[in-house]
Amino acid sequence: MTSAPPLWTGIDHGRARMLARLQLLVTRRLDGLLQGDHLGLLPGPGSEAGQSRAYRVGDDVRRMDWPVTARTAVPHVRQTEADRELETWLAVDASASMDFGTAGHLKRELVLAAAAAMTHLTVRGGNRVGAVIASGGTPLRRLPARPGHRRAQALLRAVAATPPRPGVVDLAALVDRLNRPPRRRGLAVVISDFLAPTERWRRPLRALAARQDVLAIEVVDPRELELPDAGVLEVVDPETGAAHEVDTGDAAVRARYAQAAAEQRAAVAGALRSAGAAHLRLRTDADWVGDMVRFVAGRRHARSRGAAR
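According to the working numbering, the sequence shown is numbered sequentially starting from 14.
Below is the structure:
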């Protein structure tokens with residue numbers, strides 16, 4: 014490809030080529046997984062009443078069908094069916110911490126890849142996709158949910174054209190923006206590295222999950238999990254500009270860092286689980302497409318066994 018497609022004017026040719034490669038990659042490896050059935054991606058309760066079935070361990074007790082339970086003396090839950098059209102909203106964290114990567118990709122490239130995959134998987138069949146984008150020191154940018162592949166590509170162009178800027182992104186405000194205005198039940202996808210303290214965003218995420226099916230995509234670089242043995246390094250917080258010297262040659266320092274990182278990631282996973290969000294972790298040093306395929310396949314398998322809730 015020697016020039017950017019007309020739809021992608023306004024972003025540099027490098028990012029346009031990256032979007033073109035992403036679209037081709039997503040189409041080749043993810044196409045056909047859903048076959049128009051958005052429940053295969055993230056099974057949720059939906060909003061249309063369906064049939065009742067016997068209660069299984071792990072079912073949401075809020076879906077108990079008490080009349081049938083009383084009549085049969087056996088606990089039953091009311092199944093629901095998803096709306097014919099799905100509205101998906103992406104909350105995209107484009108903070109300065111995303112402009113980092115020590116493996117195959119930068120984190121911001123992985124954010125764009127996740128957005129491209131989710132858009133591709135949900136836009137078909139008249140479904141609508143919208144987004145809220147946050148970057149440091151700037152107001153949240155809201156792109157209305159619209160149907161069609163051309164609109165979806167324009168949305169991805171906007172995500173790609175959002176540069177990481179210095180300043181802290183308020184992840185709680187980003188998540189909360191998906192709660193307003195209230196809308197019918199759909200799919201909400203939060204794409205972030207979730208580096209902010211969990212107590213700041215846990216409550217708005219729980220409120221979002223009470224009304225929407227929520228998928229949290231966590232973007233991680235291996236150097237955020239452990240330090241290499243590389244002597245004295247100056248590390249800079251890209252959001253605040255704070256700089257520190259770290260002696261990575263000290264095994265005790267590396268061990269403490271790895272332990273703190275593991276505890277922080279465990280806290281993120283626990284907060285997402287307690288909020289009722291599905292959790293997908295993508296690493297810059299791994300096959301993100303393969304991880305996403307396994308995630309989708311696992312959700313479909315759980316749904317077929319009646320274990321999704």
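We put the CB at the ideal spot given by N, CA and C, even for glycine.
A distance of 7 Å or more separates the beta carbons of V136 and A158.
One alpha carbon belongs to A165, the other to A33, and they sit about 13 Å apart.
Between F113 and P210 the beta-carbon gap is near 19 Å, outside 8 Å, which marks them as no contact. V245 is bridged by DSSP to D260. If you look at H118, you'll find it isn't in any beta strand (DSSP E); DSSP assigns it neither H nor E.
A distance below 7 Å separates the beta carbons of P179 and A109. Residue environment for W79: exposed (fewer than 16 other C-beta atoms within 10 angstroms of its C-beta). A direct Cα-to-Cα measurement between F308 and H162 gives close to 23 Å. In terms of Cβ geometry, A201 and L125 do not form a close pair [threshold 7 Å].
Under the three-state reduction of DSSP, R196 is assigned to coil, being neither helix nor strand. When only Cα atoms are considered, V245 and A271 end up about 17 Å apart. In the three-state scheme derived from DSSP, where H, G and I count as helix and E and B as strand, R224 is classed as coil. T253 counts as exposed, since fewer than 16 other C-beta atoms from the protein chains shown sit within 10 angstroms of its C-beta.
The beta-carbon separation of A129 and P235, rounded to 23 Å, does not stay under the 8 Å limit for a contact. The alpha carbon of A186 has as its nearest neighbour, out of R76, L221, R197 and L168, the alpha carbon of L221. The distance from the Cβ of G289 to that of V227 is about 7 Å, consistent with a contact at the 8 Å cut-off. V181 and L169 have their C-alpha atoms spaced approximately 23 Å apart.
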